[in-house]
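Beneath this line is the structure, given in structure tokens, with notes to follow.
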Amino acid sequence: MVASKSEPMVLKTLTAMGPLHGYGVARRVEQISGQALEINQGTISASLVRLQQRGWISAVWGSSENNRRAKFYCITKTGRKRPSAEAANWERISGVIGRVLRIAERS
Amino acid sequence: MSDWLRVAAAKARALFSNRRLDEDFAEELQAHLASLTEENLNKGMSAEEANRVARLRLGGLTQLREAHRELRGLPTVETLFRDVHYALRTLRKNPGLTLVAVLTLGLGIGANTAVFSMAQGFLLKPLSLPNLDRLVAVGELKAYDNNDTIRVSPANYLDWVSQNRSFDRISAFDWESVNLSGVAQPLAAQGIHVSADFFGLLGVRPLLGRTFLPEEDQPGHEHEVVLTRGLWERQFGSDQNVVGKTVRINGSAYTVVGVMDKDCKFPQSVELWLPLALDAQARRDRNDRYLQVMAHLKPGVTREQAQAEMKTVAGRLADQYPRTNRDWSAQVISLRDYAVFRGSGPFMFLLMGAVGFVLLIACANVANLLFARATGRQKEIAVRAALGASRWRVARQLLTESVVLGLLGAGAGVLLAQWAIYLILVNMPPDLERFVAGWDQIRLDGTVFVFALAVAATAGGLAGLAPAFQSWRPDLNAVLKEGARNSSGGRSSHRLRNAFVITQISLALTLIVGAGLMVRGFRGLLDTNRGFHPESLLTMRMVLPDSPAFKDPHRRAAFYDQTLKELGALPGVRAAALVTGFPFSGLMNSGTFSVQGQPATDAGAQRFAIIKDISPNYFGTMEAPLLQGRAFSDLDGPDSAPVALISERLAKLHWPSRSPLGRHIKVGAQDSSEPWLTIVGVVGDIKYDWTAVSSEPVIYRPYRQAPQNYVAFGLRTTVEPDSLVSAARSAITRVSQDQPIFNVESLDRVIRDNTLPIAYVAVMMAVAGALALLLASVGVYSVMAYSVAERTHEIGVRIVVGARPTEVVRLVVGRGFLLTVLGFAFGLPCAFGLAHLEANLLAGVDARDFWTFSWVSALLGVVSLLACYIPARRAIRVDPIVALRHE
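Residue numbers (my numbering), protein chains in the order written: chain A, 40 to 146; chain B, 176 to 1062.
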């Protein structure tokens, strides 16, 4: 699932950057992954919903840098305790996928 | 809080703020889009281009919103909400159909709920004791004997107390009808002697005062009494200061130490408790088995384990005391089974089955209604399918509708059940209530409510299955074609509806036959007593106290002689007779007997009979014929040779081809201390036990040769029996100042009271039968009416072509007739089965009762043909022009 792959990156982003709105998170995730994720930015919103439901991030309405109303996400106390484990998990899975892909290429 | 819980909570919250969250998300997406557009503009794109690229980067707005909605909430629940909402709207749009369906289901569910709450009271919680599940009754059981006595001798009980390892408490009790005086009017009360641990074992606390102290079940310390709440209210006027007062029981002074609350009613008919003080002689007695024993299982010990252990203990005692204990074992049964009124189980299952049938018929009706409507909705369903609704989705929606109907029906049903239970309870005579275990437990409680809901959901589901099934494979071609012509429903839908009609008719036939047989059986049961005219017989009961004055049998006989003389001399009394229990009065003294020179070959051939001690004029008073030999006379006294009369049934059982006169029989075993009795005559059968299916063997003895301490008197009156009640009471007072009599009422009333449970069953079966008839006729009518409506066009064509009205009627009624005949073909075998079942339950039911089978078949046949004829009449009035224009 593409959406869940981005969850650890969203968490990482929010941990590193502090409160961000959806557009900011999406930009940042694209940068981290080196523009490698050829996905719609909208799919980030699914990750944001899931993380909210789990109580790892929370959202408040505020105004953006250019004075537009925007929803800001920030990491919660619960969320701060999780990302390391989640990230490790993500790296392990992506490693496996990478290896599978390489094997597939060779054969 | 774990993650999934938090997620579930968040999703559930989202269910209730759908619209706000939608707007929220839309706004967020707009903001995101605006940021992207701005970014593109900064890159130097034209406004239009910037907007287009931004949309591409973000993804389709509608899809995102849809995905968000699914992720945010609980899609299944939301669909369910939507379905329910839609169902309610559809139902509201068809108020007529909804009302009929809800009422139909309500009748079925209500009947089931009411009967279930009765079954729950009688079978599941006959006693309201807190730790009923851990309580057992322990009894002695003679090996190879299926007539378990469940009574225990005192010495064996004491050994059980010291040797068992399965029970943490064990207690014994013994019945005694006592004479209570020192109150406003002396009365006979049902007393129970209990060991001190009794109340602790039951786990109940007193309402006032205390229960017995450990030392109070020792001889010499046993002059305390604990009252039931009922007795306290009736005889002591709910006196708050009753504790410490003195009453006289069988002439001795007893102190009232406590009053128990309403819920403590064990054993069922108890009125007061006395300590069970076993004296030294009793403590050594192994042979007289008269105690009833119950126990509380230790934690972790099952009834089966206790049973195994008690068998070992009993085996050890049998080895140790072979003279008294050989062949005696022990059995442990749950107190619930022990307390359940014997015979109420099968009757409750009969009623449950009956109302189950009613529910099935109701379901078929509602299924018909929904089916007819689903056929009318085929277009709507086809459109939904064409728009991409999956089959499951459509079927689910139809099912939701019928389950919603079922739940609405449950509402109506619970109200009906409440009313039914009220009617059932309010008609119970209050003085009988306390003898029926579980009576006070009949109510609509949580369990009953859950049952009603489950029944409703099942019924709704059942009723909705057929329409849902039909929607499962919509033949779009057929729908379109039929939609164009709109002539009639598909062939398969006809088959299904015909099946409904056949099922309904066969279920109704079975149930009405069952009801008819039950009612007739009950009346037949009462009619067995017509021979002795119970309406002009005033009866009363008396129990002599266990006091020195009446230890001597001669004194008892003399007391009865004098009482009979006083009663017989009353004006308006033709004769006064004595018997140890009138027919159907619930007083039964049955036991084994032996025949001289014919030892019982094995335990299976136990000889059982009801034993009655009577005055010489008993048979004259009861107007029962003497078939052989002579009746008793005043010469059969204590000093003459012991004699007996036997009933015709007993004579046929044991001397089928020879005369029983002159033969010798004895009550009890061959070696018991009872005297041998010479049979001097055979009398006609009188039915004593209404629960017995066949007539019972009876041995009669003259009361002067076997004077018991309990008797009943019967006065054959020339006036209204009730007008003699006070005269009879004062006649007794002339014999003894403080000897109470009780149950002074006409035998007619006694019989009615004792057969009340079966009257209830008969009435409820009749109600179920009437409901079945009503629902089934409505079912047949609606199917036929619908099929006529469907065929209006065809009928119009036929009339135009020249069909005569009779031919049209024959066309419609013919189909109904065929369905009715098929219904009978399935129903009659079922009815025969039920008839056999009932014949084994109740004397008076004849499984081959031709009359009942005939009138029920005739009634059902006429009703269903009428249900066909009315739509047929409408069919011939069809105006061919209108019919042909009919779409």
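Backbone N, C-alpha and C define an ideal beta-carbon position, used for all residues, glycine too.
At least 9 Å separates the beta-carbon of Y112/A from that of H207/B. When DSSP states are grouped into helix, strand and coil, V49/A belongs to the helix group. Cβ neighbours of G636/B within its own chain (closer than 8 Å, five residues either side excluded): L574, S577, V578 and G581.
Proximity of the region 811-820 of chain B to the region 895-907 of chain B falls short of the contact definition, fewer than three beta-carbon pairs being nearer than 8 Å. Per the DSSP secondary-structure output, E399/B pairs in a beta bridge with T430/B. C-alpha of R194/B to C-alpha of R227/B: approximately 28 Å in a straight line.
Chain-order list of chain A residues neighbouring K186/B: Q92, by C-beta distance under 9 Å. With fewer than 16 other Cβ atoms from the protein chains shown falling within 10 Å of its own Cβ, I1056/B counts as exposed. Ranked by Cα distance from L535/B, the first of A493/B, G856/B and S681/B is S681/B. Taking 9 Å as the threshold, the shortest C-beta distance from G118/A to chain B does not fall below it. Using a Cβ-Cβ cut-off of 9 Å, T52/A does not count as an interface residue toward chain B, since no Cβ of chain B sits closer than that to its own. Those residues of the region 53-71 of chain A placed with their C-beta closer than 9 Å to a C-beta in chain B are H60, G61, Y62, G63, A65 and R66, ordered along the chain.
Within the region 339-394 of chain B, the alpha helix (DSSP H) runs of at least 4 residues that lie entirely inside it are, in chain order, 373-377. In the same chain as S370/B, and ignoring 5 residues on each side of it, the C-beta atoms closer than 6 Å to its own belong to S346, A347, D392 and L451, in chain order. Within the region 939-969 of chain B, not one residue has a Cβ closer than 7 Å to any Cβ of chain A.
For M603/B, there is no enclosing alpha helix (DSSP H), since its DSSP letter is neither H nor E. Taking each of M293/B, L190/B and A276/B in turn and checking the Cα distance to G248/B, the smallest one comes out for L190/B. The three-state reading of DSSP puts K268/B in helix, counting H, G and I together. The DSSP-derived three-state label of W1026/B is helix.
By the 16-neighbour rule on beta-carbons within 10 angstroms, H60/A is buried. Residues K787, I789 and L820 of the same chain have their beta carbon placed closer than 6 Å to that of Y875/B, with the five preceding and five following residues left out of the count.
Taking 9 Å as the cut-off, the beta carbon of F707/B is found closer than this to the beta carbon of T796/B. By alpha-carbon distance to L899/B, the top candidate from R404/B, A751/B, E213/B and K420/B is A751/B. Residues of chain A with a Cβ closer than 7 Å to the Cβ of L239/B are, in chain order, G81 and S84. Within its own chain, the residues whose Cβ lies closer than 6 Å to the Cβ of F387/B, once the five positions on either side in sequence are excluded, are A371 and P450, listed in chain order. Here V533/B is near L282/B, since their CB atoms are less than 9 Å apart. Below 8 Å, enough C-beta pairs join the region 704-719 of chain B and the region 879-895 of chain B to call them touching: three or more.
In this structure, the CA atom of G696/B is about 16 Å from the CA atom of A943/B. Residue range T82 to Q92 is occupied by the alpha helix (DSSP H) that includes I83/A, with no beta strand (DSSP E) assigned at that position. Here L700/B is near T930/B, since their CB atoms are less than 9 Å apart. Under the DSSP assignment, D809/B falls outside any beta strand (DSSP E); it carries neither an H nor an E label. Following the DSSP letters along the chain, one finds A744/B in no beta strand (DSSP E), marked with neither H nor E. At a cut-off of 9 Å between beta carbons, V99/A makes no contact with chain B.
The continuous stretches of alpha helix (DSSP H) do not include M763/B, and DSSP gives it neither H nor E. Under the three-state reduction of DSSP output, L211/B falls in the helix class.
With a threshold of 9 Å between beta carbons, L190/B makes no contact with chain A.
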